[in-house]
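**Student:** Residue numbers (this note's numbering): 11 to 149.
Every residue, glycine too, gets a C-beta built ideally from N, C-alpha and C.
If you're wondering where the values come from, they're calculated on a predicted model, not measured in any experiment.
1) Thinking C-alpha only, which one of 128, 111 and 106 is nearest residue 145?
2) In terms of residues, what are the limits of the alpha helix (DSSP H) holding residue 103?
3) In the DSSP assignment, find the beta strand (DSSP E) that holds residue 62 and state where it starts and stops.
4) Can you check which of these residues, 49, 56 and 73, is closest to residue 63 by C-alpha distance?
5) Can you give, in chain order, each stretch of the alpha helix (DSSP H) that sits fully within the stretch 117-147 and has at least 4 residues?
6) Of all the CB atoms in chain C, is at least one closer than 7 Å to the CB of residue 128?
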C-alpha cells in the first residue's frame with residue numbers, strides 16, 4: 011500500500027502509522043482445500059513475561075482485508091474459494107495500522123503478530139470454508 015512501511019522486525023513504531031504486511035496461504039496438498047487463518051498477537055514484556063492478546067483492536071487494526079476472506083466470530087478468517095494444489099489465496103490483509111494511542115508501555119515490550127493457517131480437503135466437506143468440518147487444533 012502507498013505510504014506504508016515494511017513490517018519485518020519493526021522497531022520504534024510510530025503511533026498512527028501503517029506498516030505493510032501481506033500474508034497469504036499456499037496449498038501444498040495434492041487435493042483442493044478450504045482454508046481458514048487466525049491472526050494472533052503475543053506480548054513479551056521486558057521481564058520475559060508472555061501474554062496472549064485476544065482483542066488487539068485497541069493496539070492495531072488489520073487493513074485492506076482481502077475481498078475473498080470472511081471474518082468470523084470464532085476469530086478466524088475463512089477463504090471463500092477452494093484453493094487447488096500449487097495455488098495461493100489472495101492476501102488476508104495488506105497492512106497493519108497502529109493505534110494513535112499506543113504509548114511507552116507498548117514501546118518497551120515486544121509484540122509478535124502471527125498468522126496461523128489451517129486447511130481441510132474440499133471433497134465431501136461442505137460447500138464453503140465456513141460450513142466445512144474443521145478439527146479443533148487449539149489455534
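**Tutor:** A quick look at the data gives this:
1) 128
2) Segment: none, residue 103 is in no alpha helix (DSSP H) and carries neither H nor E.
3) 60-63
4) 49
5) none
6) Of the chains in the structure shown, none is chain C; there is only one protein chain.
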